[in-house]
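Numbering (this note's numbering), first residue to last: 522 to 729. Below is one structure, written out as structure tokens, with a few remarks after it.
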Ligand SMILES: [Ca+2]
Ligand SMILES: [Ca+2]
């Protein structure tokens, strides 16, 4: 039967028995403490991110509220309550008037906006829903005034994205020269139309 070593050291000074187990337990506790510290640090970082997000949401709400106030006191426009992707709101003119790209874009600028620029099918669907509720013709700023068949947004001069839905048979540039160089929204899709119709228009106002 071997010698029982409880709390002692052997000849070479190494701990054995319970002493060794205590050392091991101490090491494990230290490791655990490090783990807890690491987890606490991560938790603090997560909390900081969440607090940042909350602050951002409050900022966003304040900006949206500010924009709504600006638009709601403008006699020419009303603003549907819908906010698009927390990125922009839209203002729609209240009454039909003879359309003019530059003049209407300037009206939008009075609210830090511009004639709406459709970026993709999702935005087209969103804005079309707002337009249909007016029961009027509703212009957007996109046009092919400069070059027939090349549709660009009025304010940014960017091209209209490919793949958007057009009303069947359009664009058709219908009528005598210059034909149809402006654009309206309809439930069936985009439609090119002459630039001087009596209609409404939509502004896009970025939130940030
Ligand atoms: Ca045209
Ligand atoms: Ca047309």
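The C-beta atom is built at its ideal place from N, Cα and C for all residues, glycine as well. Being a predicted model, the structure only gives us computed values, none of them experimental.
Check	Outcome
Nearest by alpha-carbon distance to residue 479: which of 676, 543, 691 is it?	No answer is possible for residue 479: the residues shown for the chain start at 522 and end at 729.
Let me know if residue 679 comes out buried or exposed under the rule of 16 or more other beta-carbons within 10 Å of its beta-carbon.	exposed
Does residue 723 come out as helix, strand or coil in the three-state DSSP assignment?	strand
Is it buried or exposed, residue 705, if we count other Cβ atoms within 10 angstroms and call 16 or more buried?	buried
CB-CB under 7 Å to residue 593, same chain, minus the five flanking residues each way: which ones, in chain order?	600
Tell me which residue opens and which closes the alpha helix (DSSP H) that residue 625 is part of.	622–630
Restricting to Cα atoms, I'd like to know which of 685, 543, 688, 667 is closest to residue 699.	667
For ligand 2, enumerate in chain order all residues having a CB closer than 6 Å to any of its heavy atoms.	691, 692, 693, 695, 701, 712, 713, 714
Might you give, ordered along the chain, the residues of its own chain that have their beta carbon closer than 7 Å to the beta carbon of residue 596, omitting 5 neighbours on each side?	none
In the structure shown, what three-state DSSP assignment does residue 698 receive?	coil
Relative to the alpha-carbon of residue 724, which residue among 579, 674, 538, 576 has its alpha-carbon at the smallest distance?	674
Is residue 669 near ligand 1, judged by its Cβ being under 7 Å from some heavy atom?	yes
Hey, how far is the Cα of residue 638 from the Cα of residue 566?	39 Å
Could you check how far apart the C-beta atoms of residue 614 and residue 718 are, in whole angstroms? I think they sit under 8 Å.	Their Cβ separation, rounded to whole angstroms, is 13 Å, which puts residue 614 and residue 718 out of contact at 8 Å.
Expressed to the nearest angstrom, what Euclidean distance is found between the alpha-carbon atoms of residue 686 and residue 651?	16 Å
From residue 712 to residue 606, what distance separates their C-alpha atoms?	25 Å
To the nearest whole angstrom, what separates the beta carbons of residue 653 and residue 636, a pair I think is in contact under 8 Å?	Residue 653 to residue 636, Cβ: 18 Å. No contact.
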